[in-house]
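Residue numbers for the sequence shown, in this note's numbering: 171 to 574.
Just so you know, even glycine gets a beta-carbon here, dropped at the ideal spot from N, CA and C.
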Amino acid sequence: MGTDVNVAIVGAGQAGLATSRHLKQAGIEHVVLEAGRIAETWRSRRWDSFCLVTPNWTVQLPGGRYAGPEPDGFMGRDELVSHFERWADSFSPAIRDRCAVSALDVEPDSFVLATAGGPVRARSVVVASGGYQRPFIPPAAGSMPKGIHQLLAEEYRHERALPPGAILVVGSGQTGCQLAEELHEAGRDVFLACGRAPWAPRRMGGHDLVWWMVESGFWSRTIAQLPSPAARLLSNPLATGHGGGHDMHYRTLHAGGVELLGRLTGVEDGVAHFADDLPASIEFGDNLARTFMRWVEAFCTTRGLSVPWEVPGPPGFGSRTSLDLRKEGITNVIWTSGYRPDYGWVHAPVFDAMGFPIQTDGRSDVPGLYFMGVHFQRKAQSAVLYGVGEDAEVVAEHISEHRS
Ligand SMILES: Cc1cc2nc3c(=O)[nH]c(=O)nc-3n(C[C@H](O)[C@H](O)[C@H](O)COP(=O)(O)OP(=O)(O)OC[C@H]3O[C@@H](n4cnc5c(N)ncnc54)[C@H](O)[C@@H]3O)c2cc1C
């Protein structure tokens with residue numbers, strides 16, 4: 171038994187729902203096919219004490235802006251999920267939940283989406299299945315000694331669920347650093363294998379970091395303004411919203427007692443080896459902090475503002491290059507080494523060598539096939555709560571014109 175629809179949206183996260191909201195406003199019939207429930211990623215792939223890194227005012231979903239009492243606060247996971255539920259209730263999207271799409275095939279003038287409930291045929295499809303899909307796990311994971319409890323960041327829920335002992339966090343993007351800080355605060359010994367990540371102070375000149383990113387145009391950068399398309403894989407600037415928000419980066423973690431290490435290069439006979447590259451990684455992050463500050467300073471010049479902040483000098487600490495896991499009491503490893511796109515179920519030649527959709531303003535080269543929520547889809551802000559609405563409007567407008 172099949173179903174025919176005009177437009178099928180795959181995914182009921184912010185990207186899919188924002189597109190649905192705009193299509194509904196344009197009077198275009200559509201259905202949202204969701205593998206889990208609304209906001210499933212926020213529900214089931216975030217830890218219990220997770221809170222936004224971006225302030226609440228950045229929740230600028232179309233028809234679902236944050237209007238609560240703490241615009242400068244950082245809402246927790248459950249509050250954010252409730253926000254999504256209220257937002258969806260406000261425009262009642264036609265959602266088929268628990269309806270995973272296992273394949274998308276292109277046919278002349280239509281698309282066929284395979285679901286457990288039967289095929290869905292659509293004239294247009296918006297793939298909004300998430301920008302952070304497949305966790306990247308370094309090959310060293312296979313050589314960890316038996317008995318070490320290994321888990322992905324998205325599987326971690328709370329500190330009490332981890333076996334007693336020290337914790338090695340591998341990967342130092344926003345999530346890795348946040349987990350390292352929170353686990354250390356919970357009384358665990360924490361080691362953090364660091365890669366290259368940008369950072370910035372949480373507040374400058376009385377404003378939050380994200381305010382500066384928006385106002386200076388840093389979040390409006392396009393992919394053409396990056397040094398290379400691979401730069402999309404870099405993490406967002408290190409910072410946390412925990413406890414009302416504060417600075418969180420390699421220097422603060424080191425000062426707080428987290429042991430920083432270089433990149434994990436391998437594990438042999440119970441000994442983990444790390445590159446001697448921590449100083450170079452810190453310098454890399456400092457250089458990106460300088461790049462960001464140049465945007466801030468240029469913006470300040472146009473507004474007659476000044477920001478009394480500059481990147482500090484070299485940190486003056488190094489790192490060990492090997493750890494005997496048993497001697498250090500390490501019983502847990504959390505892998506938080508970034509994500510890669512995973513569109514293997516989309517059977518169309520519209521992906522680049524890194525697996526990112528090739529698209530312009532969300533449109534692929536296959537007429538009627540659109541993407542939403544892609545990191546740097548149109549701008550740096552495309553895949554976050556602040557910027558997704560703008561892209562959804564553009565995609566919905568094109569669908570509307572394409573169909574008329
Ligand atoms: C750890 C972490 C923290 C973040 N913190 C912030 C933050 O503080 N502020 C901010 O603005 N952004 C943040 N982001 C970035 C971004 O806002 C989130 O990744 C957000 O979830 C992206 O929304 P999305 O709708 O594109 O994708 P998702 O939220 O992942 O939604 C995709 C949906 O598609 C469904 N789906 C996937 N495949 C299929 C399929 N084949 N068939 C049917 N359904 C499918 C999934 O179940 C999911 O519900 C964070 C990202 C991560 C990873």
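Beta-carbon proximity check, residue i vs residue j, cutoff 7 Å
{"i": "A566", "j": "T173", "result": "no"}
{"i": "G488", "j": "S405", "result": "no"}
{"i": "V271", "j": "L203", "result": "yes"}
{"i": "H419", "j": "W369", "result": "yes"}
{"i": "D512", "j": "R304", "result": "yes"}
{"i": "F444", "j": "L434", "result": "yes"}
{"i": "V223", "j": "G411", "result": "yes"}
{"i": "G193", "j": "V516", "result": "Reading the sequence as shown, one finds Leu at residue 193 and not Gly. No. Outside cutoff."}
{"i": "P232", "j": "G559", "result": "yes"}
{"i": "A182", "j": "G543", "result": "no"}
{"i": "G301", "j": "A459", "result": "no"}
{"i": "R490", "j": "G440", "result": "no"}
{"i": "V477", "j": "S386", "result": "no"}
Residue i versus the options, residue with shortest Cα-Cα distance
{"i": "V564", "options": "H424, V296, F281, K316", "result": "V296"}
{"i": "G197", "options": "F220, A264, C221", "result": "A264"}
{"i": "G432", "options": "W212, F220, G365", "result": "G365"}
{"i": "G414", "options": "R358, Q529, D378", "result": "D378"}
{"i": "A401", "options": "A258, F546, T224", "result": "F546"}
{"i": "L187", "options": "W257, Y236, L222, C221", "result": "W257"}
{"i": "E351", "options": "I318, G387, L408, R496", "result": "L408"}
{"i": "D218", "options": "A298, A323, R266, S260", "result": "A323"}
{"i": "E255", "options": "A209, F454, D494", "result": "A209"}
{"i": "V503", "options": "A310, A550, A292", "result": "A310"}
{"i": "E604", "options": "D359, V177, Q184", "result": "This structure gives no information on residue 604, because the portion of the chain shown stretches from 171 to 574."}
{"i": "V551", "options": "Q230, V175, R207, C221", "result": "Reading off the sequence shown, one finds Gln at residue 551, where the question assumed Val. Cα-wise, what sits closest to Q551 is Q230."}
{"i": "R421", "options": "E453, D259, G474, A336", "result": "E453"}
{"i": "L250", "options": "G543, D561, A286, R213", "result": "R213"}
{"i": "C347", "options": "G357, L362, W465", "result": "L362"}
Closer than 6 Å: residue i CB and nearest ligand 1 heavy atom
{"i": "Q184", "result": "yes"}
{"i": "T173", "result": "no"}
{"i": "G301", "result": "yes"}
{"i": "G414", "result": "no"}
{"i": "E199", "result": "no"}
{"i": "G181", "result": "yes"}
{"i": "V223", "result": "yes"}
{"i": "T461", "result": "no"}
{"i": "V271", "result": "yes"}
{"i": "L203", "result": "yes"}
{"i": "G543", "result": "yes"}
{"i": "E352", "result": "no"}
{"i": "L193", "result": "no"}
{"i": "L555", "result": "yes"}
{"i": "T410", "result": "no"}
{"i": "G341", "result": "no"}
{"i": "E325", "result": "no"}
{"i": "T211", "result": "yes"}
{"i": "T345", "result": "yes"}
{"i": "G234", "result": "no"}
{"i": "G238", "result": "no"}
{"i": "G206", "result": "yes"}
Reduced DSSP category for residue i - H, G, I as helix; E, B as strand; rest coil
{"i": "T285", "result": "strand"}
{"i": "Q344", "result": "helix"}
{"i": "S570", "result": "helix"}
{"i": "A196", "result": "coil"}
{"i": "L269", "result": "The question names Leu, but residue 269 in the sequence shown is Cys. Here C269 sits in coil by DSSP."}
{"i": "G413", "result": "helix"}
{"i": "N406", "result": "coil"}
{"i": "L332", "result": "coil"}
{"i": "E438", "result": "strand"}
{"i": "F454", "result": "helix"}
{"i": "W217", "result": "coil"}
{"i": "F541", "result": "strand"}
{"i": "P527", "result": "strand"}
{"i": "R496", "result": "coil"}
{"i": "G368", "result": "Rather than Gly, the amino acid found at residue 368 in this sequence is Pro. Residue state, collapsed to three classes: coil."}
{"i": "R280", "result": "Inspection of the sequence shows that residue 280 is occupied by Ser rather than by Arg. Three-state result, S280: strand."}
Own chain residues within Cβ distance below 7 Å of residue i, not counting five before or after
{"i": "S507", "result": "F306, I307, P308, V340, G341"}
{"i": "P371", "result": "L379, D417, W479"}
{"i": "S280", "result": "R291, A292, R293"}
{"i": "H354", "result": "V360, G426, G427, V428"}
Close beta carbons around residue i, own chain, < 8 Å, minus the five adjacent residues each side
{"i": "I393", "result": "P399, R402, F546"}
{"i": "P289", "result": "G172, T173, V282, L283"}
{"i": "H568", "result": "D531, G532, R533, Y540"}
{"i": "W505", "result": "P305, I307, P308, A311, Q320, L321, L322, A323, V340, G341"}
{"i": "G499", "result": "G335, A336, D359"}
Nonlocal neighbours in the same chain, by C-beta distance under 6 Å from residue i, ignoring five residues either side
{"i": "Q529", "result": "F541"}
{"i": "D579", "result": "As shown, the chain starts at 171 and ends at 574. That puts residue 579 outside it, with no answer to give."}
{"i": "P484", "result": "none"}
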